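Residue numbers (the working numbering): 1 to 434.
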């Protein structure tokens, strides 16, 4: 069952709207506001000083151009933000603009009537605002065909590799298909090189493998059907993903002790040049460097390639698994808040974010601020994705996401078959998504 809290909260919101009548309508259209004073509340979790300064600068610019608008910014650490947001959501008074990762939690807030539908704003003027975004990234902030937020940063999981170790094993090109990936693993092992590092003890790094295989095999339709209950997580794509993962595990490609290893261990192994490949998000190079002997990482020996296509799979080879950051808008957000979010997500603003190194832009033109060739490569790959698969533990409810991670760890450990892992996830889905 969906959480009872959100169902009850939806009723409270409806009642509150009826009692309020049309009292707030005058603030919804800037042209009709007559220059009335408007205060926008904005909560974000960007605590690094250089990054926080960019947001403040953009807010100051907007207020200077719109003297009637005051933007009140609250900066919170991640966990404190989540706690405080839960409290204000329970009271029915969300901030006008706030940090969102899209997916399951955002969807629950939308269903409870706590978020503002900005679909019409995105589609105005022939979709002028919508068309600036990478479609796959924007889709993460949609629920049942309506947008309640937009992304400002989106990264994707991909294959990081050590070029020197590839050369040592006689591998000249990164693999582009699943069969080629298995061949690369065999060549690396034959050369005495550990092919892949994984922190299966933390579960989520291992889950990336199954989630990507399911995306390549079943495409968007398989996940959508399982999530909206017109299908199931026991459908063929998910079982086949487990079987493909078993093919890889059978080659024994991982470092010794991988079942108990953490993400930190995984980063250390790659940073020290002790394994050739790592399936991880765009944040990985920094972790590799931090865990390398000289603190600089692999340097020019670090490469990246997209997760290989699976022969016969229904998924588009350009589709991506990943996540990022965005803005959702509270149900009572004035039209000026929507306009300010447009300002924050214009190309010029995205360039400023990229220049200080805290975003991979999702708006056309924002990539001009990127300097790192690897980040540029990821951005270009991400821009090709028509479908963006949010990490399952964010796309689904927290409880179901945890079950996915546990089940995939069971596949890695050999304690669950592909069918058993899929059934475990489906059993939880029946409780969480009905």
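By construction, the Cβ of each residue, glycine as well, lies at the ideal position given by its N, Cα and C atoms.
Just so we're clear, the structure is a prediction, and the values are computed from it rather than from any experiment.
Residue 34 (DSSP reduced to helix, strand or coil) = Because the pLDDT at residue 34 is just 43, under 50, the model does not fix this residue reliably, and the point stays unresolved.
What are the start and end residues of the beta strand (DSSP E) that includes residue 162?
-> 158-162
If we call anything under 7 Å between Cβ atoms a contact, is residue 351 one with residue 368?
-> In contact: residue 351 and residue 368 (Cβ atoms closer than 7 Å).
Nearest-angstrom Cα distance between residue 9 and residue 201?
-> Per-residue confidence for residue 9 stands at a pLDDT of 43, beneath the threshold of 50, marking its modelled position as unreliable; the derived number appears in the next sentence. Their Cα atoms are separated by approximately 37 Å.
Are there 16 or more other CB atoms within 10 angstroms of the CB of residue 153, so buried, or fewer, so exposed?
-> buried
What residue ranges within the region 250-313 form continuous alpha helix (DSSP H) runs of no fewer than 4 residues, ordered along the chain?
-> 263-271, 284-290
Would you kindly check if the distance between the Cβ of residue 156 and the Cβ of residue 382 is under 7 Å?
-> yes
When you compare each of 151, 158, 195, 360 to residue 171 by their alpha carbons, which one comes out closest?
-> 195
Could you have a look at residue 100 and say whether DSSP puts it in helix, strand or coil?
-> strand
Can you tell which of 347, 377, 429 has its C-alpha closest to the C-alpha of residue 363?
-> Of the listed residues, the one whose Cα sits closest to residue 363 is 347.
To the nearest whole angstrom, what separates the beta carbons of residue 323 and residue 391, a pair I think is in contact under 8 Å?
-> With 8 Å as the limit, residue 323 and residue 391 qualify as a contact, their Cβ atoms being about 5 Å apart.
DSSP on residue 204, reduced to helix/strand/coil?
-> helix
May I ask you to verify whether the region 36-49 touches the region 91-101, counting CB pairs closer than 8 Å and requiring at least 3?
-> yes
With contact counted as at least three CB pairs below 8 Å, one residue from each stretch, are the region 388-403 and the region 99-119 in contact?
-> Contact holds: three or more Cβ-Cβ distances are below 8 Å.
Could you check the C-alpha separation between residue 423 and residue 125 for me, to the nearest Å?
-> If you take the alpha carbons of residue 423 and residue 125, they lie about 46 Å apart.
Under 7 Å between C-beta atoms of residue 136 and residue 217 | Against a cut-off of 7 Å, the Cβ pair of residue 217 and residue 136 comes out as no contact.
Can you tell me the Cα-Cα spacing of residue 221 and residue 113, whole angstroms?
-> 27 Å
What residues in its chain sit with their C-beta under 8 Å from that of residue 183, if we drop five residues either side in the sequence?
-> 175
Could you pull out every residue in the same chain whose Cβ sits closer than 6 Å to the Cβ of residue 238, ignoring the five residues on either side in sequence?
-> 214, 422
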